[in-house]
Amino acid sequence: MAEPASIQVPSTSQPHVAAPAKSTAAKRPHPDSSPVQAGRELPEQNGGNGDNSGNNANGGAGGANKSRKQQQQRPPKKKLKGGKRLKAVTDGSSEEVLLADVRDLQRALKHRQDREKRDAEPVLFHGAHGEEVKATAAETTDEIKIMEEDGGEVPEEELPEPGSEIELDVVGLSSTGEGLAVQRKLHELSDGSLLRRRRRIYVVSFSVPGDIVRAKVYRHLPQPKAGSDEDELPPTYSVADFLEVVRPSLELRDPQGDSNRVRCQYFGRCSGCQYQMLDYGEQLHIKRRVVERAYRHFSQLPPERVPAVLDTMPSPLQYGYRTKLTPHFDGPPGFRRKNKAAHRLTAVPEIGFMAKAGAGGARATLDIESCPIGTPAVGKGMARERARVARDFADYSKGATILLRENTVRCPKGSEMSEEQKKVADDADTVTVETEAHTDFKTCITDNNATSTEYIDDYIFTNPAGSFFQNNNSILPPLTAYVRENVVRPKNAHKGKELRYLIDAYSGSGLFTITLASTLPGGSIGIDIAEQSISYARTNAQLNHLPPERCKFLAADAAQLFQSVIEYDPDETVVVLDPPRKGCDGPFLRQLLAFAPARIVYVSCNVHTQARDVGMLVQGHVDFGDSANDKAPVETRDGKAPARYEIESLRGFDFFPQTAHVEGIAVLNRVDLV
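Per my numbering: the sequence shown ends with 1143, consecutive numbering throughout.
Quick look at the structure:
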């Protein structure tokens, strides 16, 4: 295969137009699936098989010919779909987070209408920074008239047919990275007078507050009725494909055009990045607001118990930072069907990532020759693997996911290279990075069973190449330094007993256990449920010359970890948490409250489940609302009341620049020690 084309933003007559999602004839997914989840590429930037959405005019839930009663049918229970009521406890999914943002905007629009009705004057929107933005001319001049219907509920505006092209005012930005918009044109009654209606929220990607965009409607999610104990309708929305920017946001977009910032020729079609058109400082500001909204929506805490969120910690690299990518390709037609004769590929497949849902949410793989957020070594590996598949495609009867993982061989300056180091250094695909102290030779591993090596400052970590390890190496030194700084109490804090022990729950291969081993006099202990991770963690401790009395590891379920450290005095112990995206479960949180460590540092790749968990730690009560076991009281080992915590600080970390994702760190102190 030819060498990958250089990365250029396609030329266009409109300087502020991102490329729309390309049409595809791929099959439509189940009509009840959620459009927001279609092709969603969160941190893993992989081919993913996330639920895709789509609907046709007959199967849609919100066309103009639908009756109000039909539009208010509830979606099936126990399935997260548009229109679902928000639970008191979140599972942190993109769909649930989006619904919370839509609900906020619906309330803001209703508040605006109420003020207009009371004051007989237009009310202004609030922009990305809280500044006032003038409403459109059509809205500032209309006569306000409220129609009472269905028990006083303001009727919703008439919905355009799927496939219609409309202009939208983008008035908000969801925590998932999509623009939240309303139609510019109000609808007229038969007698010509204007009717104030409940505004429909449209979700449109690649747009920002202040934009006026043209979009193609492809899905209206149903509007369920409010329950007997609810004073407002549950949130719902419509989804539209972004087509072009009619008028760009003066606050957020580059006046000279998006091409000054966008570095990827696939941006606007690939679902991996959402924010390449934004200044990096603005991305950091947006991500701080994501953390704020997470705690407002999902912590169940009053505002006075949540401190101001600190500025987002930037990534040293904004492009070329991902040390792992997993592009994929599909098999021949029908390869997913059962009991079918095996067929092989007859042409080079599309190799890349999921295209942003378009044409009704159809699933499609976008052919991508290069990805600018991958490291240079990963980029070389991607070109090599694309050439291999192009050569051997006829051998494949199924699709495949390709692992691209960076590996580092380090040679200290002044030392003689080994034969292995010389072999790596002489490879044409090796990327050489020089520093004052050493030379790093970076290559790309494609074997899931191989061992990869990474360095964080002077710490060395080995892992199975296909296993999880943080994918932005550049931000790990400031991350570990920040956690190390916050493991100990602030100088002005109530002293209590001296902190001596560090427990690293969900330790994996030992990132925090190893880098924090010298922080407290009693050393650190890492606990993880995966035997393989613990095996690598012990190897990593040896590679970093840490003795067992200073740094040790146990393979155990995190929910049972406190039985392994019963000799630790909780008043002298700090617990570092780094759970998966789903957060902590009920049994673990109850044990954590029962153990009652003096201090907790909660690192999270999902700030929404973090907010849920932190809220329960602050209240000293665990209730997931889904089982009697979760509502059981916390049994402390000394018979005292369960611990409660106070939030000392909250901060986001930008592990994935150009995307909507943000990681979070919450620092907590036990209340009686504050």
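The beta-carbon is built from N, C-alpha and C at its ideal position, and this holds for glycine as well. Since the structure is predicted, the reported quantities are computational estimates derived from the model, not experimental observations.
request  = Look at the alpha carbon of L971 and the alpha carbon of A986, and state the distance between them as a whole number of angstroms.
outcome  = Taking the straight line joining both Cα atoms gives about 8 angstroms.
inquiry  = Could you check whether D723 and V673 sit closer than 9 angstroms to each other, using their CB atoms as the reference points?
reply    = V673 places its beta carbon 9 angstroms or farther from that of D723.
message = Would R732 and Y790 be called neighbours here (beta carbons separated by less than 9 angstroms)?
response = No; because the gap between Cβ atoms is not below 9 angstroms, this pair is not in contact.
inquiry  = Just to confirm the assignment, what range does the alpha helix (DSSP H) spanning F981 have?
reply    = Its alpha helix (DSSP H) spans residues 980-984.
ask   = With respect to 8 angstroms, is the separation between the Cβ of E701 and the closest non-hydrogen atom of the ligand FMN below this value?
value = This structure lacks the ligand FMN; in fact it carries no ligand of any kind.
ask   = With DSSP run on the structure shown, which of helix, strand or coil describes N1138?
value = The three-state secondary structure of N1138, taken from DSSP, is strand.
key: Between the CA atoms of S1033 and A824 - distance to the nearest angstrom   = Cα to Cα, A824 sits roughly 47 angstroms from S1033.
key: Nearest-angstrom beta carbon gap, N1013 and Y928 [assumed within contact, 8 angstroms]   = For a cut-off of 8 angstroms, the C-beta gap from Y928 to N1013 is around 6 angstroms, short enough to register as a contact.
request  = Just mark H689 as buried or exposed, buried being the case when its beta carbon has 16 or more other beta carbons within 10 Å.
outcome  = Counting Cβ neighbours within 10 Å, H689 comes out buried, since at least 16 surround it.
request  = Using the Cα positions of H963 and L1142, report the straight-line distance between them to the nearest angstrom.
outcome  = Going by the C-alpha atoms only, they are around 6 angstroms apart.
ask   = Rounded to a whole number of angstroms, what is the C-alpha to C-alpha distance between R832 and A826?
value = C-alpha separation (whole angstroms): 7 angstroms.
Cβ separation of K882 and A906, assumed to be a contact under 8 angstroms, to the nearest whole Å = So it is a contact: roughly 6 angstroms between Cβ atoms.
request  = Can you grab the Cα-Cα spacing for the pair T920 / E636, in whole Å?
outcome  = Each residue's alpha carbon lies about 52 angstroms from the other.
request  = Give the secondary structure of F1093 by DSSP, where H, G and I count as helix, E and B as strand, and everything else as coil.
outcome  = Of the three classes helix, strand and coil, the one that applies to F1093 here is coil, per DSSP.
ask   = Helix, strand or coil: how does DSSP classify S707 here?
value = In the structure shown, S707 falls within a strand segment according to DSSP collapsed to helix, strand and coil.
message = Rounded to the nearest angstrom, what separates G950 and N941 at their Cα positions?
response = Reading off the sequence shown, one finds Ala at residue 950, where the question assumed Gly. When rounded, the distance between both Cα atoms is 15 angstroms.
query = What is the rounded straight-line gap between the Cα of S768 and the Cα of Q1088?
reply = Cα to Cα, S768 sits roughly 10 angstroms from Q1088.
inquiry  = Buried or exposed, going by whether 16 or more other CB atoms sit within 10 Å of the CB of S887?
reply    = Flag for S887 reads exposed.
ask   = Quick one: Cα of G868 to Cα of G935, how far?
value = When rounded, the distance between both Cα atoms is 18 angstroms.
query = Based on Cα-Cα distance, which residue from I1134, S784, L1023 lies nearest to A1080?
reply = For A1080, the closest alpha carbon among the candidates I1134, S784, L1023 is that of I1134.
Span separating the alpha-carbon of V1070 from that of T899 = Rounded to whole angstroms, V1070 to T899 spans 38 angstroms at the Cα level.
ask   = Can you pull the DSSP bridge partners for A1024?
value = Paired residues: D997.
message = Mapping the DSSP letters down to three states, classify M886 as helix, strand or coil.
response = The answer is coil: DSSP assigns M886 none of H, G, I, E or B.
key: Three-state secondary structure (DSSP) of Q652   = If DSSP states are grouped into helix, strand and coil, Q652 belongs with the strands.
query = Helix, strand or coil for N918 per DSSP?
reply = Here N918 sits in coil by DSSP.
inquiry  = Taking its Cβ as the centre, do 16 or more other Cβ atoms sit within 10 Å of A816, making it buried, or is it exposed?
reply    = The residue is exposed, with fewer than 16 neighbouring Cβ atoms inside 10 Å.
message = For R730 and F736, what's the separation of their Cα atoms in angstroms?
response = Roughly 11 angstroms between the two C-alpha positions.
ask   = Can at least three beta-carbon pairs, one atom from the stretch 560-579 and one from the stretch 641-649, be found at a separation below 8 angstroms?
value = Short answer: they touch.
message = Tell me the DSSP secondary structure of T949 in three-state form.
response = Of the three classes helix, strand and coil, the one that applies to T949 here is helix, per DSSP.
key: D777 classed as buried or exposed, judged by whether at least 16 other C-beta atoms fall within 10 angstroms   = At residue 777 the sequence reads Ala, which differs from the Asp that was named. With fewer than 16 other Cβ atoms within 10 Å, it is exposed.
request  = Would you mind giving the Cβ-Cβ distance between T1078 and R1050, rounded to the nearest angstrom? I have them listed as a contact below 8 angstroms.
outcome  = The pair is a contact, with the Cβ atoms about 7 angstroms apart (cut-off 8 angstroms).
query = Taking the continuous alpha helix (DSSP H) assigned at L1046, which residues delimit it?
reply = Membership of L1046 in any alpha helix (DSSP H) is not indicated; the residue belongs instead to the beta strand (DSSP E) covering 1042-1046.
request  = With a 10 Å radius around its C-beta and 16 neighbouring C-beta atoms as the bar for buried, classify R857 as buried or exposed.
outcome  = Exposed: under 16 other Cβ atoms inside 10 Å.
inquiry  = Can you check which of these residues, K694, N932, D997, G648, is closest to I681 by C-alpha distance?
reply    = Ranking K694, N932, D997, G648 by Cα distance to I681 puts G648 first.
query = Thinking C-alpha only, which one of D1092, M782, L980 is nearest E751?
reply = With distances taken between Cα atoms, E751 lies closest to M782.
request  = Would you mind reading off the limits of the beta strand (DSSP E) that contains F736?
outcome  = From DSSP, F736 is part of no beta strand (DSSP E); its letter is neither H nor E.
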